Each structure stands twice: as C-alpha cells, then as structure tokens.
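Residue numbers (the numbering used here), protein chains in the order written: chain A, 1 to 206; chain B, 1 to 66.
Backbone N, C-alpha and C define an ideal beta-carbon position, used for all residues, glycine too.
Just so you know, these numbers come straight off a predicted model, no measurement behind them.
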Amino acid sequence: VEPWEPKLEPSPRAQYDLSGTRAALLLSVIRSRPGAKHDVEALGSLCQALNFKITLRTNPTAQAFQEEMVQFRECLDALSAPVSCALVALMAHGGPQGQLLGADGQEVQPEALVQELNRCRALWGCPKIFLLQACRGGHRDAGVGPTALSWFRRWLRASPTTPSHADVLEIYTDAQGSASRGPTAGSSDQADILMVYAAAEGCVAY
Amino acid sequence: RDEKGSDFIQTLAEVLRADPGGDLLELLTEVNRRVCELDVLGPDCPERRKACLEIRSSLRRPLCLQ
C-alpha cells in the first residue's frame, strides 16, 4: 500500500498546465466578408505553430455555429488523453445587440456558444479562449486627440458618456458559484474563460 | 479587412508570433495598444476611426501558450 501523501495544489502563481491536448475551433463566415480568408489563414497558422489541433468550418449558418460547438465539446469529452486548453474563434458579421450572424443571416448569441463549451467536462479547470471578430453595434469610434476634438465636443453635447472605449480592460474574477466537481473542486464554472472582442460593446469592428 | 484581414486578428497573430511564450493577458494588452493606435479609413468611413478591444478574463493563473 502506497503511503498517503497530500496532493499539493499548484502555487497560485503557477501557470496553467498546457501539457495536454490543445484544441482550436475556427468558425468563420467568409461569404460577403472580403478579406476574411486572410484572418482564417493567419489564425490557422498561429494555432498550428502553438500546437493546437484545429477544426475549421467556413460559412456556418447560425444553427451550424451551435452544432459545431456541440460537436467540438463532445469530441473533447470523448478524448482519452487529457485536454489542457481550448481556443474558439468566432468570425462573422455582428448584429446591433452583439449577436453573430451566420452565413444564412440568422442570429446566434455568442454567450450561448460560450456556455456550451463551459459544459465540457474535459475542460474543467482548463483555460478556454474565445476570440470574437465581429461588430457589436454600429457606433464608430472617432477616438480622442487634436483631430478628433471637434467631433468630441459635438459628441459630448449629444451624449452623457465618454466616446472612446480605449483602455477598457475588464477583469472578471468572479468567484461565485459553488459547484464542487471535477478536478478543480470549489472553483466557479465561470472561471478560466478569456474572451476577447474585436470591438467594444456597441461598436463597429474593423 | 478587405486587403489583409482584420486589425484584431492580424495584430494578434503578429504579437503572439513574436512572443509565443509570453503571458497571454499581457500580450493581449499589447495587441490592444497597437489596435488602438491604428487609424481606420475606408470607402464607407471617410473620417478617421478608432477601434478598441474588450478583454474579459476570469483566468485564475497566468496563461502562456508555449
């Protein structure tokens, strides 16, 4: 009988362990988005260099966005080898309320896709990266600075909030939730998520 | 995007390729700095425009992809 030894938790400063499988799902609507192929190529090449196993689907409909995510989750859960990280890139036109528009013009909520991956047992305690290249509304940010000053003054008269979204970094260290399950017992099911939007809320993504 | 892809994805690829072992949140801050510096001009956008990323993280540890 092996003597019992306490299992040491990694130091809080320790990095995520990425020694297991890394998986990437790239969903891109390239129809009516000129140049979108360049993004697919750049991300594909980057993911390959970073040792991600890549699943690519172009021109998904709104329903296919959801289906691909379900399939991705199921594949990860079915793997016998440990999974250490997932990266999901969602690239499409965006609706005014932050929706993604599938190749069929129908809408899908990115939050629903995030929740789908959150259900992935293989990814409990592992980092989940979401890259969202899509408009989140129609506001065009003129920025601030000398050349934008006249626009800024006009804008201030019309709106009570600041026009530029520069330097917005929202860190959510949400510790709520009490699910004690899986390899990271005690952590929130909202933890370990990194979401990067190409634009601030309500703004056009270029 | 029409000619070379979107500012966000292209800058992300550029920054991560240059320092794949860096902390991802720090690298994303650098991506945002570069994207914010860009001026966007286009046929449907005759005036100078800006873009800015939004980064939401509930990561509990440093994340380095290499």
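Identify, in the order they occur along the chain, each residue of the same chain with its Cβ nearer than 6 Å to the Cβ of M195 of chain A, setting aside the five sequence neighbours on each side. Translated into positions along the first sequence, residue 195 of chain A becomes position 195. For M195 of chain A, where only same-chain residues beyond five positions count, the Cβ hits under 6 Å are F130.
Which chain A residues sit within Cβ distance under 8 Å of V40 of chain B? For this step, residue 40 of chain B is matched to residue 40 along the second sequence. Going along chain A in sequence order, the residues near V40 of chain B (Cβ under 8 Å) are Y206.
Could you tell me the distance, in whole angstroms, from the CA atom of D7 of chain B to the CA atom of A78 of chain A? As a first step, residue 7 of chain B is located in the second sequence; it is residue number 7 there, counting from the start. As a first step, residue 78 of chain A is located in the first sequence; it is residue number 78 there, counting from the start. D7 of chain B and A78 of chain A have their C-alpha atoms roughly 36 Å apart.
Measure from the alpha carbon of G138 of chain A to the alpha carbon of each residue in A:L26, A:G202, A:W124 and A:Q190, then state which is nearest. As a working note, residue 138 of chain A is residue 138 in the first sequence. Among A:L26, A:G202, A:W124 and A:Q190, the Cα nearest to that of G138 of chain A is on A:G202.
CB contact check: P127 of chain A to chain B, cutoff 7 Å: Start at 1 with the first residue of the first sequence, and residue 127 of chain A comes out as number 127. For P127 of chain A, the answer is yes, since a Cβ of chain B falls inside 7 Å of its Cβ.
Per DSSP, which one or two residues make a beta bridge with I54 of chain A? For the purposes of this step, residue 54 of chain A is taken as residue 54 along the first sequence, with counting starting at 1. Its beta-bridge partners are A:A24.
Leaving aside the five residues before and after E170 of chain A along the sequence, list all residues of the same chain whose C-beta is less than 8 Å from its C-beta, in chain order. Taking the first residue of the first sequence as position 1, residue 170 of chain A is located at position 170. For E170 of chain A, the predicted structure reports a pLDDT of 41, less than 50, and the residue's modelled location is therefore unreliable. The matter cannot be settled from this model.
Cβ shell of R57 of chain A (< 6 Å), same chain only, five flanking positions each side left out: Stepping through the first sequence from its first residue, residue 57 of chain A is reached at position 57. Around R57 of chain A, the same chain offers L27 and E68 as residues with beta carbons nearer than 6 Å, after the five sequence neighbours per side are excluded.
With 16 other CB atoms within 10 Å as the buried threshold, where does Q97 of chain A fall? Your numbering for residue 97 of chain A matches position 97 in the first sequence. That one is exposed.
Can you give me the Cβ contacts of V40 of chain A inside the same chain, cut-off strictly under 6 Å, excluding the 5 residues immediately before and after it? For the purposes of this step, residue 40 of chain A is taken as residue 40 along the first sequence, with counting starting at 1. Cβ neighbours of V40 of chain A beyond the five flanking positions: S28.
Sub-7 Å separation of E42 of chain A and A51 of chain B beta-carbons: On the first sequence, position 42 is the one that residue 42 of chain A refers to. On the second sequence, position 51 is the one that residue 51 of chain B refers to. The sequence shown places Ala at residue 42 of chain A, rather than the Glu named in the question. Taking 7 Å as the Cβ cut-off, A42 of chain A and A51 of chain B do not qualify as a contacting pair.
Contact criterion: CB-CB distance below 7 Å. Does G35 of chain A meet it with respect to chain B? Taking the first residue of the first sequence as position 1, residue 35 of chain A is located at position 35. Taking Cβ atoms only, chain B reaches closer than 7 Å to G35 of chain A, which makes this a yes.
Does any residue of chain B bring its CB to less than 7 Å from the CB of W155 of chain A? On the first sequence, position 155 is the one that residue 155 of chain A refers to. For W155 of chain A, the pLDDT reaches just 47, beneath the cut-off of 50, and the residue's location in the model is therefore unreliable, leaving the point undetermined.
A49 of chain A (DSSP reduced to helix, strand or coil): Within the first sequence, residue 49 of chain A is the residue found at index 49, counting from 1. Three-state result, A49 of chain A: helix.
Taking only beta-carbon atoms, is H38 of chain A less than 7 Å away from chain D? Protein chains A and B are contained in the structure displayed, whereas chain D is not.
At least one CB of chain B closer than 7 Å to the CB of Y172 of chain A: is that the case? As a position in the first sequence, residue 172 of chain A is number 172, starting the count at 1. Residue placement at Y172 of chain A is poorly supported in this model, since its pLDDT is 40, which falls under 50; the coordinates are not used for a value here.
Output yes if chain B places a C-beta closer than 7 Å to the C-beta of L50 of chain A; else output no. Within the first sequence, the letter at position 50 stands for residue 50 of chain A. Yes, contact with chain B.
Kindly list, in the order they appear in chain B, the residues whose Cβ is closer than 9 Å to that of Q109 of chain A. Here the question's residue 109 of chain A lines up with position 109 in the first sequence. The contacting residues do not exist; Q109 of chain A stays about 15 Å from chain B at best.
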